[in-house]
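S.K.: Heads up: take any position in the sequence shown, counting from 1, add 982, and you land on this note's numbering.
Note that CB positions come from ideal geometry on N, CA and C, so glycine has one too.
Following this message is one structure expressed as structure tokens.
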Amino acid sequence: MPDPLSQLLPRTMVVVAHQDDEAAGCGALLQRMQDPLLVFVTNGAPQDKYFWQRFGSREEYARIRRDEARRAANTAGVSRLEFLDFDDLALYRSLPQAWAALQRLVSGYRPQAIVTLAYEGGHPDHDCCASLCSRLHQSSGVPVWEFPLYSRPNGVPANQRFLRDGQGEFVLDVSAEELARKQVMFATYASQANVLSQFDPAVERFRQQAAYDF
């Protein structure tokens, strides 16, 4: 059986909802990829003033998150970035447009693998990304891999572990150098410090996407 890690290192498209998902879920793996394309599907700035009022405006909050993402990607050695800019917390309203945009990226980039968020009910935008990438697999045949971030089975927080059973799960053996760079990525996302403090930067889990009934 081929080494699962080797399948994720050549031309891989990483599809995440928000600017910081990649740091928490695959910041070390990104450092090993040879030619990754990192895709942020939402703008990271919800409509609700609660999320952005301390930054002055929704537009400024989105700009800050985009800038943080560029600097974090640079730390991981990632130069290919795409910002699709669909509304945070409302991606479900733009699924046809997001699907069309991701299809164009797959057609142009021709990835050998796709890495995305697990379908776990932790955040609606995460679950939308999982569904969209499942459709990409069906239409293109490109294998999809997933990583967990957070869920609440029975109301109890469960971070960085899969909610549903699946096969082929592996845990990345994060080196000291990778961990140090990943910690810099976390620090770069100053606007998301409270969120990222909930994750262990030394833990990254992956598996081929489960056969979900979306």
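So what does Arg-1062 bridge to, in DSSP terms?
M.R.: The partner list for Arg-1062 (beta bridge, DSSP) reads Leu-1019.
S.K.: Take Val-996 as the anchor and find which of Cys-1110, Leu-1073 and Glu-1064 has the nearest alpha-carbon.
M.R.: Ranking Cys-1110, Leu-1073 and Glu-1064 by Cα distance to Val-996 puts Glu-1064 first.
S.K.: Within the same chain, show all residues whose beta-carbon is closer than 8 Å to that of Val-949, passing over the 5 residues directly before and after it, in chain order.
M.R.: In the structure displayed, the chain extends from 983 to 1196; residue 949 sits before or after that span and is not available.
S.K.: Pair every Cβ in the region 1036 to 1050 with every Cβ in the region 1172 to 1181, then say whether three or more of these pairs are closer than 8 Å.
M.R.: In short, these stretches touch, since the Cβ pair count reaches three.
S.K.: Take Cys-962 as the anchor and find which of Leu-1073, Ala-1083 and Phe-1144 has the nearest alpha-carbon.
M.R.: Given that the chain is displayed from residue 983 to residue 1196, the structure contains no residue 962 and the question cannot be resolved.
S.K.: Pick from Glu-1042, Pro-1078, Ser-1061 and His-1105: whose alpha carbon is nearest that of Ser-1015?
M.R.: Per the sequence shown, the amino acid found at residue 1015 is Met instead of Ser. The shortest C-alpha separation from Met-1015 is found at Ser-1061.
S.K.: Do you know how far the Cα of Leu-1019 is from the Cα of Ala-1058?
M.R.: So the two alpha carbons sit approximately 12 Å from each other.
S.K.: From the DSSP output, in three-state form, read off Glu-1128 for me.
M.R.: Here Glu-1128 sits in strand by DSSP.
S.K.: Report the rounded CA-to-CA distance for Asp-1107 versus Val-1021, giving the unit in angstroms.
M.R.: Their Cα atoms are separated by approximately 13 Å.
S.K.: Leaving out five residues before and five after Arg-1146 in sequence, what residues of the same chain have Cβ atoms less than 7 Å from its Cβ?
M.R.: If we look at Arg-1146 and ignore the five residues flanking it on each side, its Cβ neighbours are Ala-1192.
S.K.: Closest to Asp-1069 by CA distance: which of His-1105, Arg-1053, Phe-1037 and Gln-1029 is it?
M.R.: Checked all of His-1105, Arg-1053, Phe-1037 and Gln-1029; the closest Cα to Asp-1069 is Gln-1029.
S.K.: Buried or exposed: Leu-987, going by 16 or more other Cβ atoms within 10 Å of its Cβ?
M.R.: When all chains shown are included, Leu-987 counts as exposed.
S.K.: On a Cα-Cα basis, can you pick out the residue from Tyr-1194, Phe-1181, Pro-1093 and Arg-1117 that is closest to Ala-1140?
M.R.: Closest option to Ala-1140, Cα to Cα, is Phe-1181.
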